[in-house]
Every structure is written in structure tokens, then in C-alpha cells.
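Below you'll find the structure, written out as C-alpha cells, and then a few comments.
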Amino acid sequence: MSDESLKSHAARFTPTPLLIDGKRNLIGLTLAELKSEMETLGLEPFRAKQLWAWIYCHGVRDFEKMTNLGKSVRAKLAKHFVVWRPTIKTEQISVDGSRKWLMAMADGHEIEAVYIPEEDRGSLCVSSQIGCTNKCSFCHTGTMRLVRNLNASEILMQVMHVKDVLGEWGTIPKARLLSNIVIMGMGEPLFNYEPVAKAVKLIMDEEGISIGRRKITLSTSGVVPMIKRCGEELGINLAISLHAVTNELRNELIPLNKKYPIEELLQACRDYPAASNARRITFEYVMLKGINDGPADAKELVRLLRGIPAKINLLPYNPWPGSPYESSDDATIQKFGDYVNAAGYASPIRTPRGRDIMAACGQLKSASQKEKKKEE
Ligand code: SAH
Ligand code: SF4
Numbered sequence: 001m002s003d004e005s006l007k008s009h010a011a012r013f014t015p016t017p018l019l020i021d022g023k024r025n026l027i028g029l030t031l032a033e034l035k036s037e038m039e040t041l042g043l044e045p046f047r048a049k050q051l052w053a054w055i056y057c058h059g060v061r062d063f064e065k066m067t068n069l070g071k072s073v074r075a076k077l078a079k080h081f082v083v084w085r086p087t088i089k090t091e092q093i094s095v096d097g098s099r100k101w102l103m104a105m106a107d108g109h110e111i112e113a114v115y116i117p118e119e120d121r122g123s124l125c126v127s128s129q130i131g132c133t134n135k136c137s138f139c140h141t142g143t144m145r146l147v148r149n150l151n152a153s154e155i156l157m158q159v160m161h162v163k164d165v166l167g168e169w170g171t172i173p174k175a176r177l178l179s180n181i182v183i184m185g186m187g188e189p190l191f192n193y194e195p196v197a198k199a200v201k202l203i204m205d206e207e208g209i210s211i212g213r214r215k216i217t218l219s220t221s222g223v224v225p226m227i228k229r230c231g232e233e234l235g236i237n238l239a240i241s242l243h244a245v246t247n248e249l250r251n252e253l254i255p256l257n258k259k260y261p262i263e264e265l266l267q268a269c270r271d272y273p274a275a276s277n278a279r280r281i282t283f284e285y286v287m288l289k290g291i292n293d294g295p296a297d298a299k300e301l302v303r304l305l306r307g308i309p310a311k312i313n314l315l316p317y318n319p320w321p322g323s324p325y326e327s328s329d330d331a332t333i334q335k336f337g338d339y340v341n342a343a344g345y346a347s348p349i350r351t352p353r354g355r356d357i358m359a360a361c362g363q364l365k366s367a368s369q370k371e372k373k374k375e376e
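If you want it as C-alpha cells, here you go:
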């Protein structure tokens, strides 16, 4: 896809800001945009900074609680705006402590987000699209059509909801419950670059939520023309869903490979502006029994990645109802990992989290879609 067609694709599937009871949601507006809204309402520009702090530092949603704004200012704001969050349809908590939420946006469409607590940190896996542009054969989201892209506000609200749940507003503690963001939920983020970038910039803003670029990872199936821009503009960590070492197999698993084959993808990784030995690119490799898990695959993987500052994440395959593959067995995964390790690559075997609530990688698909399928 050319840059132009990527743009028209984004325009076709991205809604204009959704109104809530006829009012605009302030979440997702930058400081400059808040200033311009204040101007339109005939309010002083410094009100924007005050609003910003209430919204993005304190998580306040009720204008009445914004105590440094005068009564008439609060009334004016409440007449035109809301500070909104998605409607939480369900919350599921895994035996391992992971939590998954099904969230409805203002138009009723639903997405999933997953919080994964770890000993000294916690990650949130956010979605970038409702459904996905791609149809990877091993992925549950891929069986869902692309309903639409999420806008910046909707991406950001996933993070803000989790901060609400964790009570992590105000003074930021040293050991944060929500320390990392992974853009690895539903959707292909680089097919929805602008809104993702806007949300990421708001998440990184040091005067606001302030989660740094080193703590944010974007996972892509390989939208080559957008990779450089992501590194230059955002400087966040990159994860590549590689999963196969030959174009023949990767075409089958990830149809997008026909457009952007392995060589082009790896060249974009070599050129990734934010990568270095200190900040490696993660290559995700899902272990599919008898498909991509043999010693020859491991050997070729090592050869392909030569010269790229890389770590390899081996993912046991997470099955879903009707899925066409099986996960490789533990011994095979271990052997593959040992080979890659011996070649000098860190290759943690990722223990799947939240499997019991279908919250693991590749299992996200909104419940409403599942229900519709059943009815059909
Ligand atoms: N669309 C992006 C990000 C979302 S998918 C991408 O493809 O990279 C997040 C990760 O989960 C990707 O590495 C994806 O390949 C992997 N994945 C998808 N389905 C899976 C499954 N059933 N089991 C394990 N990993 C899966
Ligand atoms: Fe989309 Fe990623 Fe799933 Fe492929 S693996 S269908 S790109 S979400």
C-alpha cells in the first residue's frame, strides 16, 4: 500500500469525533486544542492548562470537582463538553490476576483491553482498531472484519480507565501499577497510525500521564512504509510479528507479507531510528506445532536477524474455538529457545497470561461479535 492509499484507508475507517449527548469529549485533546476550544467559548487561554491538569493528571471527570475554575466557567464547560470514559460492559479477572475489559465506545462498538500485573510493574495491552485490517490465520481478531479504526481519544481512554481502576492518579508513585503500555490488542496499529501517534504522545507527555517512550511498545505485523515514521516521531519500542522465516510460510500465516516480504521488513528494522543495542527490537515468534518450530527454522531465524539489535519472544500458541493450529510442545519450544539463545539472542519464552479469560495474545475478539456469530 502506498502512503496515499494508507491515508485514504485511514480516512475511510476513522470516524469524526463522536458526540456524547450532543457534547464533545475533551479526552484526546492536546493542550493546543484545549486552548482553541477555550477561545471559541470566550474563556481565557490559561483555563486550558487548568483543565489539562484535572483531566490528565488527576483523572477528574466532573467539572464541578474542578475547584479552581469559577462557577460560571464550570457551567459553560459542562454545557458544551464532557470528560467521558467508555462504558464497561464486562470485567473478567484471571486466576493469574490479569484483567480484561470489554468496553463500549460512544457508538456502541466494543473493544477489549487487558491489564497484566507483574511483581514490580504492570502492563496494559491496548487495542488500536475494532477488528483488524489483516486476516492472519492464527489470530482470533483476524477472523473479525474491520469495523472501524479507533480515534486517539478511544485509544487513550483505555489507559485512563485502567488508571481509574488502579486509583493511580495524582502524585505518581515510583513503583507504578501501570508502568508499561503495549499496543498489542485488537488491530494493526500501523494501519491506524495518526490516531495511535496522537494517543501515544498524550500518554508520554511529562506534564500528564507521563509514561516514557522506553515503556511503550508497538507491535506490528509489518506495515513497512510506516515503521520509520513511528521510530522517528515516537521513538517507542518496536515489536515485529515475524512468526516465519520463509516468505512462502509467512504469506500463509500473515497475508500482508505478500505486500511487504521478509527482506523489506527486516531492512526497515535495520533502519529503525529508535533501535540500538540498549533498545532492541523484539521479534515475536508464535510456536505452531509442526509448522514453524523445527531446528531448521531456528537456524534460519538466527541467520535472518544477523546485524539487527534483536530479542526474540517465543510465544506458545494460544488456541481459540475453531483455531486451525496447535501449540508446539514445551520440549520443542525449549529446544528452539536454547538454539536461539546459544546464538546470542535473549529469547524469553513468554508465559501466556490470562488464558482462562481468553485475554492472551491473539485471543481478543469482542464478545458482541462472538454472540453475533452464534446467532447466525
Ligand atoms: N496487529 C499487531 C498487534 C496485535 S497482535 C500484530 O500483529 O503485531 C499481538 C501479538 O499476538 C502479535 O505478535 C500476534 O502475532 C500474536 N498472536 C496473534 N494470535 C495469536 C495466538 N493465537 N497465539 C499467540 N500469539 C498470537
Ligand atoms: Fe491483526 Fe495482528 Fe491479529 Fe494479524 S495478528 S490479524 S495483524 S491483530
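116 is the number that the numbering used here gives to position 116 of the sequence shown; each next residue is one higher, with no gaps.
Backbone N, C-alpha and C define an ideal beta-carbon position, used for all residues, glycine too.
Quick one: give me the first and last residue of the alpha helix (DSSP H) that G122 is part of. Taken as a continuous stretch (DSSP letters only), G122 belongs to no alpha helix (DSSP H), being part of the beta strand (DSSP E) at 122-125.
Could you say which of R213, R250, L242, R279 lies nearest to L234 if we only look at CA atoms? R213
Rounded straight-line distance, which links the Cα of L364 to that of P117: 18 Å
One question on the structure: do D356 and T332 come within less than 8 Å of each other, judged by their Cβ atoms? no
Relative to the C-alpha of V302, which candidate in L34, A343, T246 has its C-alpha closest? A343
Could you tell me the distance, in whole angstroms, from the CA atom of V165 to the CA atom of K71? 29 Å
Would you call V95 buried or exposed, if buried means 16 or more other Cβ atoms sit within 10 Å of its Cβ? exposed
Would you mind reading off the limits of the beta strand (DSSP E) that contains M226? Segment 224-233 is the alpha helix (DSSP H) holding M226; no beta strand (DSSP E) there.
Close Cβ partners of I240 (< 6 Å) along its chain, the five nearest in sequence each way excluded: F283
Suppose only complete runs of 4+ residues qualify. What are the alpha helix (DSSP H) ranges in the stretch 22-84, listed by chain order? 31-40, 46-52, 71-80
Please give me, in chain order, every unbroken run of the alpha helix (DSSP H) with length at least 4 that falls completely inside the stretch 173-252. 193-204, 224-233
C-alpha distance - V182 paired with K201, whole-angstrom precision: 14 Å
Please write down, chain order preserved, every residue whose beta carbon lies under 5 Å from a heavy atom of the ligand SF4. C132, N134, C136, C139, T141, G142, E188, S221
Should G167 be labelled buried (16 or more other beta-carbon atoms within 10 Å of its own) or exposed? exposed
For the stretch 254-266 against the stretch 214-222, do three or more pairs of beta-carbon atoms, one drawn from each stretch, fall closer than 8 Å, so that the two count as touching? yes
Using C-beta distances below 7 Å, list every residue in its chain close to V403, excluding the 5 sequence neighbours before and after it, in chain order. A question about residue 403 goes unanswered here, because the residues of the chain that appear run from 1 up to 376.
Quick check: the Cα distance between R279 and T40, rounded to an integer number of angstroms? 44 Å
Using CA atoms only, rank isn't needed, just tell me which of Y193, C139, S276 is closest to Y325. C139
Distance cut-off 7 Å: N292 Cβ against heavy atoms of the ligand SAH: no
On the premise that P319 lies in contact with S387, defined as a C-beta separation below 8 Å, what is that separation, rounded to the nearest angstrom? Residue 387 lies beyond the residue range present for the chain, which begins at 1 and ends at 376; the question has no answer from this structure.
Return the CA-CA distance between K23 and R74, expressed in angstroms with no decimal places. 14 Å
Identify whether E371 lies in helix, strand or coil by the three-state DSSP scheme. With a pLDDT of 48 at E371, under the threshold of 50, the modelled position of this residue cannot be trusted, and the question is left open.
Among F46, I93, L34, which residue has its Cα nearest to the Cα of F81? L34
The ligand SAH heavy atoms versus the CB of L301: any closer than 7 Å? no
C-alpha distance - P261 paired with R47, whole-angstrom precision: 50 Å
Given this structure, state the Cα-to-Cα distance separating L265 from G28, to the nearest angstrom. 31 Å
Taking C-beta to C-beta, are L18 and A106 nearer than 8 Å? yes
May I ask you to report which of helix, strand or coil DSSP gives K365? coil
For the alpha helix (DSSP H) holding L304, just list the boundary residues, first then last. 295-304
Buried or exposed: where does A296 fall if 16 or more other Cβ atoms within 10 Å of its Cβ makes it buried? exposed
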